[in-house]
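>
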Amino acid sequence: MKILIYGVGGTMGHYVRLSAEKTDDIQVLCGVDKFYTGNEFSFPVYKSTAEIAEKPDCIVDFSVPQGIYDYLPYAVQNGIPCVIATTGYSEEDYAFIRQCSEKIAILQSGNLSVGINLLLRLVKETAALLGNSADIEIVETHHNKKKDAPSGTALLLANGIREVLPDHENHLGRAGVGKRERKEIGISAVRGGTVVGKHAVSFFMDGESITLSHEAENKSILSDGSLTAARFIVKQRAGLYSASSMFS
Ligand SMILES: NC(=O)c1ccc[n+]([C@@H]2O[C@H](COP(=O)([O-])OP(=O)(O)OC[C@H]3O[C@@H](n4cnc5c(N)ncnc54)[C@H](O)[C@@H]3O)[C@@H](O)[C@H]2O)c1
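Each step along the sequence shown adds one to the number in the working numbering, with nothing skipped, and position 220 is 294.
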């Protein structure tokens, strides 16, 4: 499979290239990066999809939210499946992604690691089993350079819980809000040092508690996951897929 890395000059673009080098079946055909000015790659790097001469089998995107307005029209026109790993989309962006997924296969996920997607499944099962008999709290920890809080993964977990407990609501932080209600999903963010990413979901019952947790040790789990997603999405019909579809 020949892939296009969108955002190839960035941190995750670097890891996707390294992940592809470790495989026998995936080759980087070209990259797109609006702000990349180097020349260290063995493949061409374009400023936008308007300049692309080759036809990739799949686009893997780790860039910025507005990138979709460049590459999705190109992907629809050329029938190219896409893996969208970028985070931070608005409702309008999601509507555009859904509209394009009527024509091409798109997998979109805020976390592509096997472990987090397994955690998501276990958390949803636990929430469904316990129903309203537990107070649910999520604590996420990341390095001191992370800009957003809470993490996209904490929101992915909280939103997964709300699929099975639709009357629950996310509560970010607890300062000044007083006593908690049972139907709150508390989310707390901790920042420090070089922690790649830790997520813990606790279910507090009367007299006992269960905590399910995941710890990322490096970023390759995410770039390896994006290639697993590429292998999955090139075999699918048009539609919008989540990471859980490829692990089921
Ligand atoms: N889904 C996941 O598993 C996962 C994992 C890690 C990071 N991410 C997300 O991936 C995204 C990228 O993360 P990163 O750490 O590599 O960021 P980064 O800032 O290091 O890299 C982003 C790259 O995109 C390029 N870029 C910026 N604007 C562009 C545009 N309009 N068109 C084309 N390229 C453009 C930049 O020049 C840069 O090289 C973020 O949204 C991050 O949250 C997702």
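Don't be surprised by glycine CBs; every beta carbon is placed ideally from N, CA and C.
If you measure between the beta carbons of S175 and G313, is that distance less than 9 Å?
For the purposes of this step, residue 175 is taken as residue 101 along the sequence shown, with counting starting at 1. For the purposes of this step, residue 313 is taken as residue 239 along the sequence shown, with counting starting at 1. The answer is yes: Cβ separation under 9 Å.
> Hey, would you say L246 sits closer than 9 Å to A274, going by beta carbons?
Sequence index remark: in the sequence shown, residue 246 carries index 172 (1-based). Sequence index remark: in the sequence shown, residue 274 carries index 200 (1-based). No; because the gap between Cβ atoms is not below 9 Å, this pair is not in contact.
> Looking at I190: is its Cβ nearer than 9 Å to the Cβ of P155?
Locating residue 190 in the sequence shown gives position 116, counting from the first residue. Locating residue 155 in the sequence shown gives position 81, counting from the first residue. No, they are not a contact pair.
> Counting C-beta neighbours from all protein chains within 10 Å, is the total for D98 16 or more, i.e. buried, or is it exposed?
Stepping through the sequence shown from its first residue, residue 98 is reached at position 24. By the neighbour-count rule (16 or more Cβ atoms within 10 Å), D98 is not buried but exposed.
> For V269 versus H216, is the C-beta distance shorter than 9 Å?
Translated into the one-based positions of the sequence shown, residue 269 becomes position 195. Translated into the one-based positions of the sequence shown, residue 216 becomes position 142. Taking 9 Å as the Cβ cut-off, V269 and H216 qualify as a contacting pair.
> Mind the definition here: the region 199 to 218 touches the region 302 to 317 only if three or more C-beta pairs lie below 8 Å; say whether that holds.
In short, these stretches do not touch, since the Cβ pair count stays below three.
> Note the first and the last residue of the continuous beta strand (DSSP E) segment covering R265.
Along the sequence shown, read from residue 1 onward, the residue named residue 265 stands at position 191. Run containing R265: 258 to 265, per the beta strand (DSSP E) assignment.
> Might you give, ordered along the chain, the residues of its own chain that have their beta carbon closer than 6 Å to the beta carbon of G260, omitting 5 neighbours on each side?
In the sequence shown, counting from the first residue as 1, residue 260 sits at position 186. Around G260: E211, H245.
> Rounded to whole angstroms, what is the Cα-Cα separation between S276 and E114?
On the sequence shown, position 202 is the one that residue 276 refers to. On the sequence shown, position 40 is the one that residue 114 refers to. Taking the straight line joining both Cα atoms gives about 45 Å.
> Excluding five sequence neighbours on each side, which residues of the same chain lie with their C-beta closer than 8 Å to the C-beta of I158?
Taking the first residue of the sequence shown as position 1, residue 158 is located at position 84. For I158, where only same-chain residues beyond five positions count, the Cβ hits under 8 Å are D135, I142, I171, I180, L181, Q182, S183.
> Counting along the chain, where does the beta strand (DSSP E) carrying S225 start and finish?
Translated into positions along the sequence shown, residue 225 becomes position 151. Where S225 is concerned, there is no enclosing beta strand (DSSP E), given that its DSSP letter is neither H nor E.
> Per DSSP, H216 is paired with what?
The sequence position of residue 216 within the sequence shown is 142, counting from 1. Its beta-bridge partners are R265.
> Is F117 near ligand 1 - that is, is its Cβ less than 8 Å away from at least one heavy atom of it?
One-based indexing of the sequence shown puts residue 117 at position 43. Not so, every heavy atom of ligand 1 lies at least 8 Å from the Cβ.
> Could you pull the DSSP bridge partners for S276 from this structure?
Looking up residue 276 in the sequence shown gives position 202. Bridge partners of S276: E211, T285.
> Which word fits S160, buried or exposed, when buried means at least 16 other C-beta atoms lie within 10 angstroms of its C-beta?
As a first step, residue 160 is located in the sequence shown; it is residue number 86 there, counting from the start. First, the residue type needs correcting, since residue 160 is Thr and not Ser in the sequence shown. By the 10 Å Cβ count, T160 comes out buried.
> Just grab the DSSP bridge partners of Q101 for me.
Numbered from its first residue, the sequence shown carries residue 101 at position 27. The partner list for Q101 (beta bridge, DSSP) reads K76.
> Quick one: Cα of Y145 to Cα of M320, how far?
Numbered from 1 along the sequence shown, position 71 holds the residue referred to as residue 145. Numbered from 1 along the sequence shown, position 246 holds the residue referred to as residue 320. Cα to Cα, the separation comes out at about 23 Å.
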